[in-house]
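Novice:
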Amino acid sequence: MLRGHMGSMIAFDDVSVSYPGTKTPAVRNLNLNIPEGAFFVLIGESGSGKTTALHLINRLLEPDRGRVLIDGEDAAALDPVKLRRGMGLIFQAIGLFPHLTVAQNIGITPKLLGWSTLQIAARTDELLELVRLPPNQFRDRFPAALSGGQKQRVGLARALAARPKVMLMDEPFGALDPVTRDDLSAEYRDIHEKLGLTTVLVTHDMTEAFLLADQVAVMRDGRIVQTGGPADLLAAPADDFVRALIENPRRRARRLAEAMRAVSAP
Amino acid sequence: MNFSRSVIAEAWARLPEYLGQHVLISICAIALGFLIGLPLAVGVSRRTRLRGPAIGIASIVQTIPGLALLALFYPLLLALSALTQHLFGFGFRALGFLPTLLALTLYSILPVLQNTVTALAGIDPAIKTAAQGVGMMPRQSLFLVELPLAMPMIMAGLRTASVWVIGAATLSTPVGQTSLGNYIFTGLQTENWVFVLFGCIAAALLALLVDRFLALAESGFVNHSRARLISAALGLLLIVGASLMPLLASEGGTITIGTKSFEEQYILGALISDRLEKAGFKTVQRDGLGSAVIFHALEAGDVDVYVDYTGTLWTTQMKRSDVPGRKAVLTKLATWLHDERHAGDLGSLGFENAYAFAMRRDRAKALGIETLADLAAYAPRLKIGGDYEIFSRPEWRAVVKTYGLNFALQRQYQANFMYSAVVDGDIDVISAFSSDGRIAKYDLKLLGDPKQALPPYDAVLLISPKHAHDEKLLAALRPLIGTIDLGTMQRANLMVDRADDKRTPEQAAAWLSQNLKH
Chain A
2 MLRGHMGSMI AFDDVSVSYP GTKTPAVRNL NLNIPEGAFF VLIGESGSGK TTALHLINRL
62 LEPDRGRVLI DGEDAAALDP VKLRRGMGLI FQAIGLFPHL TVAQNIGITP KLLGWSTLQI
122 AARTDELLEL VRLPPNQFRD RFPAALSGGQ KQRVGLARAL AARPKVMLMD EPFGALDPVT
182 RDDLSAEYRD IHEKLGLTTV LVTHDMTEAF LLADQVAVMR DGRIVQTGGP ADLLAAPADD
242 FVRALIENPR RRARRLAEAM RAVSAP
Chain B
22 MNFSRSVIAE AWARLPEYLG QHVLISICAI ALGFLIGLPL AVGVSRRTRL RGPAIGIASI
82 VQTIPGLALL ALFYPLLLAL SALTQHLFGF GFRALGFLPT LLALTLYSIL PVLQNTVTAL
142 AGIDPAIKTA AQGVGMMPRQ SLFLVELPLA MPMIMAGLRT ASVWVIGAAT LSTPVGQTSL
202 GNYIFTGLQT ENWVFVLFGC IAAALLALLV DRFLALAESG FVNHSRARLI SAALGLLLIV
262 GASLMPLLAS EGGTITIGTK SFEEQYILGA LISDRLEKAG FKTVQRDGLG SAVIFHALEA
322 GDVDVYVDYT GTLWTTQMKR SDVPGRKAVL TKLATWLHDE RHAGDLGSLG FENAYAFAMR
382 RDRAKALGIE TLADLAAYAP RLKIGGDYEI FSRPEWRAVV KTYGLNFALQ RQYQANFMYS
442 AVVDGDIDVI SAFSSDGRIA KYDLKLLGDP KQALPPYDAV LLISPKHAHD EKLLAALRPL
502 IGTIDLGTMQ RANLMVDRAD DKRTPEQAAA WLSQNLKH
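These protein sequence lines are chains A and B, in that order. If you count the first sequence from 1, position 230 lands on 231 in our numbering, and the numbers rise without skipping. If you count the second sequence from 1, position 222 lands on 243 in our numbering, and the numbers rise without skipping.
1) Return no unless some Cβ of chain A is closer than 9 Å to the Cβ of residue 175 of chain B.
2) Find the residues of chain A that neighbour residue 248 of chain B, judging by a C-beta separation of less than 9 Å, and give them in chain order.
3) On the DSSP letters alone, give me the boundaries of the beta strand (DSSP E) that residue 218 of chain A sits inside.
4) Assuming residue 376 of chain B and residue 452 of chain B are in contact, meaning their beta carbons sit under 8 Å apart, how far apart are those beta carbons, in whole angstroms?
5) Can you tell me whether residue 244 of chain B is helix, strand or coil according to DSSP?
6) Is the beta carbon of residue 203 of chain B closer than 9 Å to that of residue 409 of chain B?
7) Using the Cα positions of residue 23 of chain B and residue 530 of chain B, report the straight-line distance between them to the nearest angstrom.
8) When the Cα of residue 346 of chain B is compared with those of B/358, B/340, B/285 and B/331, which residue comes out closest?
9) According to DSSP, residue 170 of chain A sits in a beta bridge with which residue or residues?
10) List the residues of chain A that residue 161 of chain B touches, going by C-beta distances under 8 Å, in chain order.
11) Mind pulling the alpha helix (DSSP H) runs of 4 or more residues that sit fully within the stretch 248-313 of chain B?
12) Is there a Cβ from chain A that is less than 9 Å from the Cβ of residue 22 of chain B?
13) Does residue 158 of chain B have its Cβ less than 9 Å from a Cβ in chain A?
14) Is the beta carbon of residue 496 of chain B sitting closer than 9 Å to the one on residue 363 of chain B?
15) In three-state DSSP terms, what is residue 184 of chain A?
16) Under 9 Å between C-beta atoms, does residue 110 of chain B make it to chain A?
17) List the residues of chain A whose Cβ lies closer than 8 Å to the Cβ of residue 147 of chain B, in chain order.
18) Using DSSP's beta-bridge definition, name the partner residues of residue 369 of chain B.
19) So, at 6 Å on beta carbons, what are the nonlocal neighbours of residue 47 of chain B in its own chain, with the 5 sequence-adjacent residues on each side left out?
20) At a cut-off of 8 Å, would you count residue 368 of chain B as near the ligand HEM, judging by its Cβ distance to the nearest heavy atom?
21) Between A/34, A/148 and A/182, which lies nearest to residue 206 of chain A when the distance is taken from Cα to Cα?
22) I believe residue 8 of chain B touches residue 509 of chain B by the beta-carbon criterion, under 8 Å. Please report the beta-carbon distance rounded to the nearest angstrom.
23) Between the Cα of residue 511 of chain B and those of B/371, B/196, B/450 and B/119, spot the shortest distance and give me the residue it belongs to.
24) Among B/179, B/178 and B/140, which one has its Cα closest to the Cα of residue 169 of chain B?
25) Got a sec: is the Cβ-Cβ distance from residue 83 of chain A to anything in chain B below 9 Å?
26) Residues of the stretch 135-152 of chain A with a CB closer than 8 Å to any CB of chain B: list them in chain order, please.
27) In chain A, which residues lie with their C-beta within 9 Å of the C-beta of residue 178 of chain B?
28) To which residues does DSSP link residue 42 of chain B through a beta bridge?
29) Can you grab the Cα-Cα spacing for the pair residue 527 of chain B / residue 502 of chain B, in whole Å?
30) If you run the structure through DSSP and keep just helix, strand and coil, what is residue 527 of chain B?
31) Tell me, please, whether the CB atom of residue 69 of chain B is closer than 9 Å to any CB atom in chain A?
32) Got a sec: is the Cβ-Cβ distance from residue 170 of chain B to anything in chain A below 9 Å?
33) Spatial neighbours of residue 275 of chain B within its chain, please: C-beta separation below 7 Å, excluding the five flanking residues on both sides.
34) What in chain B is Cβ-close to residue 110 of chain A, meaning under 8 Å?
35) Applying the 10 Å Cβ sphere with the 16-neighbour rule, what's the burial state of residue 417 of chain B?
36) Using the three-state DSSP reduction, which class does residue 146 of chain B fall into: helix, strand or coil?
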């Protein structure tokens, strides 16, 4: 694996970590380079260590061995709170604060950073526009009054509020209905481009990975099985496990195409 | 009915003081309990190993009966006060506010502790992760997210604590803290059921109102309604403010009159109060104090004036077991009070309220019992009833030892029920007070004490060390000395005791005041 980290926004350098009370490590000797501006997808089945890897990036977890480098600096040497304020975190459960309004939820990180009320209000409205929730309608609502898709849009706006360079996303669209999921993931891909973000997204859905990613890393039992662009994986799967993973969306696509033909045939 | 109307008027007249004191002690205890319970809950939530023990200890405190918890703090504080007096040269009042505050505070901790711990443990882990993820420090996560989310349940805990404390505060009367319980204790003692009911309803209404306003605050937190929070806060402020107003208006230079928990004491308390008010003093009454508590209260200056009985102080405070005669006990007690305790003793009111033993006259006649000495042979077949104190007092031990008494059964009663029991034949012998009007009323036979096991019990007027040389006070009370004879006191007592044409202690005191001998 690569040892130099020039140009990497995030790098894992031989990182291992175990949860207390377990024998097998959740992540073993992980080496990864995530370039600045990349849309990087970590894919694997549940228990493969992908969420663990994600949490190592913003120090929700600390490695037992090895280093995580952020923009060339050892994350262990950085203040974890500052580190987290500079990264957006989105996960499936969203975790909106139920006692705060939509605007207060979005403005929380800027508030922690000491922005002025005016700045926060302006930023909140800007973000609501970005995630396509009309500010006048949504600003003062409480999370309980939002649909699942709307909640995740607010979650996205909250993660983007303090203009992070890195977005960490853990199955962000997993709980949404298919239409909403497609809309939102496409919109997010645009936002990623427009804002020049570095995104690390964790999923078990290969289709999602192929549609979004510049680079994919397949994980299994705490290790990386294969890294590469979607095309590389499709062309040369490293082993039967990866082949099985990519076969699934292919098979579904074929069956869907057949079904479509049957319907449109005279 | 003339009686009930004047009783209700009397109850209303006492409401400002009782309610004010009740609210004051409750609010202090609830606030203190909250200020201890909440940080404790946060602390043990972060250290899960401590959670079990902390809630366990708080639960054990909760199982101690309220009255016992209150009673326990009195000797504890007394000892502590003696210690600080010895070590640092200052003591503090062991009676009234402080023991009540501590006991009620302990009571209010558990619901707050338990609810807060449960609420904090129940917060969705996703929300805690999000708090970390947006870059909150642990303290920010606690104050900005976890505690606000736990707030409805914390408020529910506070509601429980408030209802408990407001209820339990009615038990603080015997340790010398005025509260709505004064209605209940006084009413129970004088069979003034209007008072008992009045006290119950007042305490229940107070608890209900506070509970409603806290519920409003709770729903304010749940529904993010600032209007509800503000109206709840205003409502509570209004209750507290209105209750405490009369307290702020009074105070300062008032004389505290103490009474023990029986009719004669209430009547004499009212008589003394009337005298002092006419002499230009402001007075407050602390009713229903225990025998031992009231004397310590006098020494500490929590009570300024009260009536005690020579024999009681002779045996329980001076620890004497000899009985040198009525005059000698009076003078020796006065000397002891003056020299050892620096308290004032104005002298005897003129009658004796002695501990005595009584039987139904027909029963005594049938068995041929005239005195305690005659009783010895029959005691193993007889049942004896006593008030709450007698069986643990030195006088009882002296009587048992002197006459070799060994009863088949001994049982404790509230005074009124004790008389019913002996009249109905449920028990054979009762402890009685010689000035009790009911002895004559039920035609009971007082048993003689030929071997003088019991000391004399002249009613004496005692003054606290603080006022022992207050000439204006002494001059106002001195005219009472030697003016009440036994027959007069018995008739006054009977007015309050009897079931029909019942009078309040104040009415009996007014009658007594007209019938003093000069």
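Built from N, CA and C at the ideal position, the CB exists for glycine as well. Model, not experiment: these values are computed from the prediction.
Specialist: Taking the structure as given:
1) Interface annotation, residue 175 of chain B: not in contact with chain A, CB-CB separation never under 9 Å.
2) Under the 9 Å cutoff, chain A gives no residues; its nearest Cβ is about 15 Å from residue 248 of chain B.
3) For residue 218 of chain A, the uninterrupted beta strand (DSSP E) segment begins and ends at 216-221.
4) That belief holds up - the Cβ atoms of residue 376 of chain B and residue 452 of chain B are roughly 6 Å apart, short of 8 Å.
5) If DSSP states are grouped into helix, strand and coil, residue 244 of chain B belongs with coil.
6) Cβ distance not < 9 Å, so residue 409 of chain B and residue 203 of chain B don't count as in contact.
7) Because residue 23 of chain B sits at a pLDDT of 47, beneath the cut-off of 50, its placement in the model cannot be relied upon, and the point is left open.
8) Each of B/358, B/340, B/285 and B/331 was checked against the Cα of residue 346 of chain B, and the nearest Cα belongs to B/331.
9) Note: residue 170 of chain A sits in a beta bridge opposite A/91 and A/202.
10) For residue 161 of chain B, the chain A residues whose Cβ falls inside 8 Å of its Cβ are 113, in order along the chain.
11) Counting only runs of 4 or more, we get 284-299.
12) Unreliable positioning characterises residue 22 of chain B in this predicted model, as indicated by a pLDDT of 41, which lies under 50. The coordinate reading is nonetheless provided below. No, no contact with chain A.
13) Yes, residue 158 of chain B counts as interfacial toward chain A.
14) The Cβ-Cβ distance between residue 496 of chain B and residue 363 of chain B does not fall below 9 Å.
15) Reduced to three states, the DSSP call for residue 184 of chain A is helix.
16) For residue 110 of chain B, the nearest beta carbon of chain A is not closer than 9 Å to its own beta carbon.
17) Going along chain A in sequence order, the residues near residue 147 of chain B (Cβ under 8 Å) are 92, 94, 95 and 96.
18) Paired residue(s): B/481.
19) Cβ neighbours of residue 47 of chain B beyond the five flanking positions: 186, 187 and 190.
20) The model on display carries no ligand, and the ligand HEM is accordingly not part of it.
21) Closest option to residue 206 of chain A, Cα to Cα, is A/182.
22) The structure shown does not extend to residue 8 of chain B, since chain B spans only 22 to 539, so no value can be given for it.
23) With respect to the C-alpha of residue 511 of chain B, the residue from B/371, B/196, B/450 and B/119 having the closest C-alpha is B/371.
24) Of B/179, B/178 and B/140, the residue nearest in Cα terms is B/140.
25) At least one chain B Cβ lies under 9 Å of residue 83 of chain A.
26) If the cut-off is 8 Å between Cβ atoms, the stretch 135-152 of chain A has 143 near chain B.
27) What residue 178 of chain B touches in chain A: nothing, since even the nearest Cβ is about 18 Å away.
28) DSSP lists no partner for residue 42 of chain B.
29) Near 19 Å, if we compare the C-alpha coordinates of residue 502 of chain B and residue 527 of chain B.
30) Residue state for residue 527 of chain B is assigned as helix, using DSSP reduced to three classes.
31) Using beta-carbon distances, residue 69 of chain B does not count as an interface residue toward chain A, since no partner is under 9 Å.
32) Answer yes: the Cβ-Cβ gap between residue 170 of chain B and chain A drops below 9 Å somewhere.
33) When the five nearest sequence neighbours on each side are left out, the beta carbons in the same chain lying within less than 7 Å of the beta carbon of residue 275 of chain B are those of 303, 304 and 305, in order along the chain.
34) Near residue 110 of chain A (Cβ distances below 8 Å), the residues of chain B are 155 and 156.
35) The residue is buried, with at least 16 neighbouring Cβ atoms inside 10 Å.
36) Helix at residue 146 of chain B.
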